[in-house]
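Asker: Dropping the structure in here first, questions after.
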Amino acid sequence: MNRIPRWAVASAGAAPVLLIGGWTIAETRQPPGYDAVRDTISALAARGATDRWVMTSALAALGVCYVVTACGLGQARPAGRTLLVTGGTSTVLVAAFPQPIHGNSVAHTVAATAAFVSLAVWPVFAASPRSNSGLLGMLPSVAATASLLGLIAWFAAEIHGGQRGLAERCAAGAESLWPLAVVLTTRRALRRRPAPAPRETR
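FYI, the numbering for the sequence shown is 3 to 204, going by my numbering.
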């Protein structure tokens, strides 16, 4: 595939809008006790949360966007695209298995962990040592994966702390932005490639 289809660009662009827009709108619907720095995104979609459908819908649509983007990003290596699909599918499952308003859900925790890890490591598995397609080169992809794993480690360290909501938003937000960055830079790099020379006919 020598180009990125417009629908893949649209899905990549919609992902951060859905995530950040979803949590922003959902936060305004919560009672005064909700604290975005302390409380997680999952709490906005938890059973018993006010208008939980807002965050639930945003998460489900976000997961679909990741899958669609992976299908259109033909320049990436198959392993990376598979991990992006895994991250998207796991995100849909996060929405499908909400947490109770108090306590934890094993299915939700497993799905969230799979989503976070898959979306953090897909850049390095999608990269090619010989790629000159935007951010699909090895160095940018390794740096992206290292940074995303660092944000996840911060979230894990804060899981019982007072900044777990902030840490989760930073990690999830960064993961939603990377596919868009890859799609845009790859698209631009493909446009700059010289057209193949026409074959001579005899």
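The beta carbon of each residue, even a glycine, is placed where N, CA and C say it ideally should be. The structure presented is a predicted model; accordingly, all values stated were derived computationally and were not measured.
For Phe157 and Ala169, which I take to be in contact (beta-carbon distance under 8 Å), what is that distance rounded to the nearest angstrom?
Answerer: 4 Å between Cβ atoms; contact.
Asker: Once DSSP output is grouped into helix, strand and coil, what is the label at Ala199?
Answerer: With a pLDDT of 46 at Ala199, under the threshold of 50, the modelled position of this residue cannot be trusted; read the value that follows with caution. If DSSP states are grouped into helix, strand and coil, Ala199 belongs with coil.
Asker: Determine the closest residue to Tyr68 out of Pro18, Ala173 and Tyr36, with distance taken between C-alpha atoms.
Answerer: It is Pro18.
Asker: Secondary structure at Pro102, three-state DSSP: helix, strand or coil?
Answerer: In the structure shown, Pro102 sits in a strand (DSSP, three-state: E or B).
Asker: For the alpha helix (DSSP H) containing Gly65, name the first residue and the last one.
Answerer: Here the alpha helix (DSSP H) through Gly65 covers Trp55 to Gly74.
Asker: Which word fits Val39, buried or exposed, when buried means at least 16 other C-beta atoms lie within 10 angstroms of its C-beta?
Answerer: It is exposed - the Cβ of Val39 has fewer than 16 other Cβ atoms within 10 Å.
Asker: Under 7 Å Cβ to Cβ from Pro80, same chain only, skipping five residues before and after it: list those, please.
Answerer: Correct list: empty, nothing qualifies.
Asker: Quick check: the Cα distance between Ala10 and Ala155, rounded to an integer number of angstroms?
Answerer: Cα-Cα distance, rounded: 30 Å.
Asker: Among Val96, Glu160 and Gly90, whose alpha-carbon lies nearest the alpha-carbon of Pro181?
Answerer: That would be Gly90, whose Cα lies nearest to the Cα of Pro181.
Asker: Name the DSSP bridge partner or partners of Arg49?
Answerer: Note: Arg49 sits in a beta bridge opposite Pro102.
Asker: Applying the criterion that 16 or more other CB atoms from any shown protein chain within 10 Å of the CB defines a buried residue, is Ala197 buried or exposed?
Answerer: With a pLDDT of 49 at Ala197, under the threshold of 50, the modelled position of this residue cannot be trusted; read the value that follows with caution. Result: exposed.
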